[in-house]
Amino acid sequence: GMTVRLQLSKQHGKTTLAHTDYSLYFVSRGLSNGKGQSMVLPASMPDSHLNAHERAVKHQFTRAARAMFARSNKNVSERQIPLPTVKK
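Residue numbers (my numbering): 1 to 88.
Have a look at this one:
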């Protein structure tokens, strides 16, 4: 899946599109720990928690999505979602 972020600007009563970007997400159908819960994960998240099949599906999706957007979009970049930091 994906989300799109639009930044609008309004000057002199006229609204224009100032910036646009998108983020890719992957739906994990089951984690390698045996729990059958689905999770929505940023595409930038490391694959270490995915099993081999899900890793392959994620890579196939992200390659195809990025190729399609590269052909279709002009000046719209992919936004990398920052991963949460864990305090020790």
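By construction, the Cβ of each residue, glycine as well, lies at the ideal position given by its N, Cα and C atoms.
Nearest-angstrom Cβ-Cβ length linking residue i and residue j, presumed shorter than 8 angstroms
| i | j | result |
| --- | --- | --- |
| residue 65 | residue 24 | 6 angstroms |
Between the CA atoms of residue j and residue i - distance to the nearest angstrom
| i | j | result |
| --- | --- | --- |
| residue 74 | residue 18 | 14 angstroms |
| residue 59 | residue 9 | 36 angstroms |
| residue 6 | residue 50 | 31 angstroms |
| residue 81 | residue 48 | 17 angstroms |
| residue 29 | residue 52 | 13 angstroms |
| residue 11 | residue 45 | 38 angstroms |
| residue 54 | residue 70 | 24 angstroms |
| residue 79 | residue 14 | 27 angstroms |
| residue 68 | residue 83 | 25 angstroms |
Beta carbon of residue i nearer than 7 angstroms to that of residue j
| i | j | result |
| --- | --- | --- |
| residue 57 | residue 40 | no |
| residue 43 | residue 62 | yes |
| residue 77 | residue 21 | yes |
For residue i, the residue or residues it bridges with in DSSP
| i | result |
| --- | --- |
| residue 26 | 41 |
| residue 7 | 19 |
| residue 72 | Per DSSP, none; premise fails for residue 72. |
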